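K.L.:
The sequence shown runs 121 to 200 under our numbering.
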Amino acid sequence: MSKGSVTDPAAVIPLGFDGRTIGAIAIFGTLPQKTEFVNVDTELFKLLGEQAAPALINARLFADAGRNVPGVQAFLNLEE
121 MSKGSVTDPA AVIPLGFDGR TIGAIAIFGT LPQKTEFVNV DTELFKLLGE QAAPALINAR
181 LFADAGRNVP GVQAFLNLEE
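#1: Roughly how many whole angstroms lie between the Cα atoms of residue 201 and residue 127?
#2: Is it the case that the Cβ atoms of residue 144 and residue 135 are separated by a distance below 8 Å?
#3: What span of residues does the beta strand (DSSP E) with residue 134 cover, start to end?
#4: Would residue 170 and residue 129 qualify as a contact pair, given that the criterion is a beta-carbon distance under 8 Å?
#5: Taking DSSP's pairing of strands, which residues face residue 141 in a bridge?
#6: How about residue 133 and residue 165: do their beta carbons lie closer than 8 Å?
#7: Would you check if the distance between the CB atom of residue 148 and the CB atom of residue 177 is smaller than 8 Å?
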């Protein structure tokens with residue numbers, strides 16, 4: 121990983137879900153030929169945040185279910 125400079129573009133994308141901010145994604149730097157973020161970049165970042173937030177919530181719920189409900193594993197193994 122190379123060191124960035126003070127002039128490299130950076131962005132922080134909030135991860136919002138159900139009216140709450142649950143996290144953020146930080147983007148530091150761009151491809152060498154790109155010197156700044158443009159409108160299409162911000163739209164892409166917004167879409168990324170909108171997709172990542174529910175995925176993160178679902179991953180947390182799945183992990184909690186595995187820890188808190190021992191019967192979940194037995195249920196998943198019924199078809200084996």
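From the three backbone atoms N, C-alpha and C, an ideal C-beta is built for every residue, glycine too.
Predicted model, so just to flag it, every value in this text is computed and none were measured.
P.N.:
Once the coordinates are examined:
#1: It is not possible to answer for residue 201, since the shown part of the chain is limited to 121 through 200.
#2: Contact: yes.
#3: 130-137
#4: no
#5: In the DSSP secondary-structure assignment, residue 141 is bridged to 136.
#6: yes
#7: Between residue 148 and residue 177, the C-beta gap is not smaller than 8 Å, which leaves the two residues out of contact.
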